[in-house]
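A quick write-up on the structure given underneath.
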Amino acid sequence: MDFNPIILSIPIYFALIGIELLIQAIKRYRIYRLNDAITNISCGITQQVSGIFFKVLSVAAYQWVYENFSLFEIAPTWYNLILLFILVDFFYYWAHRKSHEINLFWGGHVVHHQSEDYNFSVALRQGSFQIVWTFFFYFPLAIIGFDTINFVLMSGLVTVYQFWIHTETIGKLGPVEWIFNTPSHHRVHHGRNPKYIDKNHAGVFIIWDKMFGTFQEEEERPTYGITKQTASWNPVWVNLQHYIEMAKGLKQIKGFKNKMKYVFYPPGWLPKEMGGQLPIPEVDPEHDRKYDKKTSASFSLYVLLQYIIVLGGTAAFLFTANTFDLWEQIIAVSLIILGVTGAGVILEEKKYSFALEVIRVLITPVVVVFVLLPSVSPLIQYLIMGYGLISFAALIFIKKSNQTIKQATT
Numbered sequence: 003m004d005f006n007p008i009i010l011s012i013p014i015y016f017a018l019i020g021i022e023l024l025i026q027a028i029k030r031y032r033i034y035r036l037n038d039a040i041t042n043i044s045c046g047i048t049q050q051v052s053g054i055f056f057k058v059l060s061v062a063a064y065q066w067v068y069e070n071f072s073l074f075e076i077a078p079t080w081y082n083l084i085l086l087f088i089l090v091d092f093f094y095y096w097a098h099r100k101s102h103e104i105n106l107f108w109g110g111h112v113v114h115h116q117s118e119d120y121n122f123s124v125a126l127r128q129g130s131f132q133i134v135w136t137f138f139f140y141f142p143l144a145i146i147g148f149d150t151i152n153f154v155l156m157s158g159l160v161t162v163y164q165f166w167i168h169t170e171t172i173g174k175l176g177p178v179e180w181i182f183n184t185p186s187h188h189r190v191h192h193g194r195n196p197k198y199i200d201k202n203h204a205g206v207f208i209i210w211d212k213m214f215g216t217f218q219e220e221e222e223r224p225t226y227g228i229t230k231q232t233a234s235w236n237p238v239w240v241n242l243q244h245y246i247e248m249a250k251g252l253k254q255i256k257g258f259k260n261k262m263k264y265v266f267y268p269p270g271w272l273p274k275e276m277g278g279q280l281p282i283p284e285v286d287p288e289h290d291r292k293y294d295k296k297t298s299a300s301f302s303l304y305v306l307l308q309y310i311i312v313l314g315g316t317a318a319f320l321f322t323a324n325t326f327d328l329w330e331q332i333i334a335v336s337l338i339i340l341g342v343t344g345a346g347v348i349l350e351e352k353k354y355s356f357a358l359e360v361i362r363v364l365i366t367p368v369v370v371v372f373v374l375l376p377s378v379s380p381l382i383q384y385l386i387m388g389y390g391l392i393s394f395a396a397l398i399f400i401k402k403s404n405q406t407i408k409q410a411t412t
């Protein structure tokens, strides 16, 4: 059983998403798009399951610093835990801020900003590589003497707090906004309007932004997303895109010094001979269009039903991950990532999406039954294998139906 507050809060997350969907139905304005929301959640799934490996390294590193360099041993009293919570949030501010100000680090965080919508599902959209560039920001807490278990707990609570601020359904909150990060403050952070870029980095306490000069009040409604549209529903691609572009940039830039500046200077930096720092483009609400490539209604329904199954399997795995050995974890994580990637490429109508999904629905049940869960009851095994066969048949039926419709309309 995983006692990570983030994992334990998953039911609350989806309950709040359900409430937003209900508000959407009642008020009849669009908060969610299926393709965008699924991609957001897919990025969260990818980050959580890959985080099983990354978090072990980061937690181990914190423990090593604590064991070898701690100056004190701070007892976990209630007031020390409150102090730790505040300090974790302080170092989160700097880790988050530098994730915006250093191009290499931005590659881990950019995923969180790619969505052009703003709803609770965006809170789940996290970069799988972000932890690689941020875990060492918290080492001062280990040196001070805060033990690893309580650090992980307080860090999880700081993360959980930030879920509720990803919404447009809550307006400004008066005096609460003087101290705490709120939906209004965080909407600014997700805006790509020039005056909103790189503002309001706080996790829980907005006072850090006010103290260090990065605060911006919400004025006009933000336009969400990043300055260069991602244009993909594939959670693997959106995690890699920035680094692929960086690799291309490094090939074009001459000189070791300039290459290092490109890596560690802010996103958009280029040498003078290549035009210098790229300007932040102005927002044009009348002409800017969200990426919204759509697939057929039948394939969309198929993706939604498959996705619910993948979500259930992911939740079961995250709650029981420590019962699997390393190779079983790698296999399970690979199947989950394959599942969410399959959903994304179907929604993009990639040419290879049908073949990839056929392979997935045929391989996944076999691997689950014979490798991951060989000791479950025969009834459950039959149900899992049946799921694969039914999914395969549904794929064939939908593809043929869509082909017939296309032929009839051309």
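So in our numbering, the last spot in the sequence shown is 412, and the numbers never skip. Each residue gets a CB set at the ideal place from its N, CA and C atoms; glycine is no exception.
With distances taken between CA atoms, I47 lies nearest to V238 out of E359, V238, Q405. For T232, the closest of K296, K292, E351 by C-alpha to C-alpha distance is K292. Look at the beta carbons and you see the region 37-47 touching the region 119-127: at least three pairs across the two are nearer than 8 Å. In this chain, the alpha helix (DSSP H) harbouring N105 covers 105-115. Fewer than three Cβ pairs drawn from the region 298-308 and the region 185-201 lie within less than 8 Å of each other, which leaves the two stretches out of contact. Excluding five sequence positions before and after D91, the CB atoms of its chain that fall closer than 8 Å to its own CB belong to V160, A204, G205, V206, F207, W210, given in chain order.
Between N195 and V285, the gap from beta carbon to beta carbon is short of 7 Å. The criterion of a C-beta distance shorter than 7 Å is not satisfied by P269 and N152.
Within its own chain, the residues whose Cβ lies closer than 8 Å to the Cβ of N241, once the five positions on either side in sequence are excluded, are C45, T48, V113, G129, S130, F131, listed in chain order. Beta-bridge partners assigned by DSSP to Y226: G193. For F148, same chain residues with a beta-carbon under 7 Å away, outside a window of 5 residues either side, are I76, L86 in chain order. Across the structure, G20 and T316 are spaced so that their CA atoms are roughly 19 Å apart. For F74, the three-state secondary structure derived from DSSP is coil. If you check the CB distance, V162 and P13 do not come in under 7 Å. Per DSSP, the beta-bridge partners of F207 are F182. Between the C-alpha atoms of L106 and V134 there is a straight-line separation of about 11 Å. DSSP places F326 outside both helix and strand once states are collapsed to three, so it counts as coil.
In the structure shown, N404 falls within a helical segment according to DSSP collapsed to helix, strand and coil. Cβ-Cβ separation between G173 and P224: approximately 14 Å, too far for a contact (criterion under 8 Å). In this chain, the alpha helix (DSSP H) harbouring L364 covers 355-369. For A144, the enclosing alpha helix (DSSP H) stretches over residues 141-146. Note on A345: 16 or more other CB atoms within 10 angstroms of its CB, so buried under the neighbour-count rule. Our two residues, L313 and I255, have alpha carbons roughly 43 Å apart in a direct line. For G227, the closest of F74, W180, P283, P376 by C-alpha to C-alpha distance is P283. DSSP, reduced to helix, strand and coil, places N260 within a helical segment of the structure shown. When only Cα atoms are considered, I104 and P142 end up about 21 Å apart. Closest option to G215, judged by alpha-carbon separation, among Q308, S101, A323, Y95: Y95.
Within the same chain, Cβ atoms closer than 7 Å to the Cβ of G109 are found at F131, H244, Y245, M248, the five residues on either side in sequence being excluded. In the same chain as Q50, and ignoring 5 residues on each side of it, the C-beta atoms closer than 7 Å to its own belong to L320, in chain order.
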